[in-house]
Amino acid sequence: MGWSWWGMGLGMIGMALFWVAIVALTVWVVLRVAGTRGEWTGGTGSPALRILEERLARGEIDLEEFRARKGAIESAR
């Protein structure tokens, strides 16, 4: 005897830590699964435009050629 309320207090702390761990694990799993869905395309919706934007960013084409090719892609839709 003599423990008085210690047993209940430690049990409550242990239970709270258990539920915090469960919630943290759930959030971690959801973020891991959601993060593997692929690359965000920026909303262009066209793989050709995305590739064209990447080529412009890498410096493979200049802005004038980018605009000409973008116009051709958009008019072909």
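Each residue of the sequence shown is one higher than the one before, starting from 1 at the first, in my numbering.
The beta-carbon is built from N, C-alpha and C at its ideal position, and this holds for glycine as well.
(message) Just to confirm, is the Cβ distance from Leu49 to Ile73 under 7 Å?
(response) Yes; because the gap between Cβ atoms is below 7 Å, this pair is in contact.
Please classify Glu60: does DSSP put it in a helix, a strand, or coil? coil
How about Ala69 and Leu56: are their beta carbons less than 7 Å apart?
-> Before going further, note that residue 69 is Arg rather than Ala in the sequence given. Cβ atoms of Arg69 and Leu56: not closer than 7 Å.
So, with DSSP's three-state summary, where would you put Arg67?
helix
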